[in-house]
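For the sequence shown, the working numbering assigns the number 1159 to the initial residue and increments by one for each residue that follows.
Beta carbons: idealized from backbone N, C-alpha and C, even for Gly.
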Amino acid sequence: MIVFDKLWLQMKQKGVSTYKLREECGIDSKTIRRLKANKNIETKTLNKLCNVLDCKIEDIMEFIPE
């Protein structure tokens, strides 16, 4: 299972709100809900998140075996 717990920590550390993701990065509220629920998202969304947070993919998500 892929989880995005690290994403919320990165956002907090870098002072990035979900409002900023929606308004400045073009990530819609539906996608943010999917991230919070650890659902599937598109790789272009991962790219946007890494760009805005200036981080690597492993800084925002991790695989946890079920």
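Own chain partners of residue i with C-beta closer than 7 Å, once the 5 adjacent residues on each side are dropped
{"i": "Ile-1222", "result": "Met-1159, Val-1161"}
{"i": "Leu-1204", "result": "Ile-1215"}
Helix, strand or coil at residue i [DSSP, three-state]
{"i": "Ile-1218", "result": "coil"}
{"i": "Ile-1160", "result": "strand"}
Other residues of its chain near residue i: CB distance less than 6 Å, five sequence neighbours each side excluded
{"i": "Val-1210", "result": "Cys-1183"}
Residue i, buried or exposed, once every other Cβ within 10 Å from all chains shown has been counted against 16
{"i": "Gln-1168", "result": "buried"}
Alpha-carbon spacing of residue i relative to residue j, whole angstroms
{"i": "Lys-1197", "j": "Lys-1164", "result": "15 Å"}
{"i": "Leu-1225", "j": "Thr-1201", "result": "Lying before the first or after the last residue shown, residue 1225 is absent from the chain, which here runs from 1159 to 1224."}
{"i": "Cys-1213", "j": "Gly-1173", "result": "14 Å"}
Cβ-based neighbour list, residue i, same chain, cut-off 8 Å, excluding 5 preceding and 5 following
{"i": "Ser-1175", "result": "Met-1169"}
{"i": "Arg-1180", "result": "Asp-1186, Ser-1187, Ile-1190"}
{"i": "Ile-1218", "result": "Phe-1162, Lys-1164, Leu-1165, Gln-1168, Leu-1204, Leu-1207, Cys-1208, Leu-1211"}
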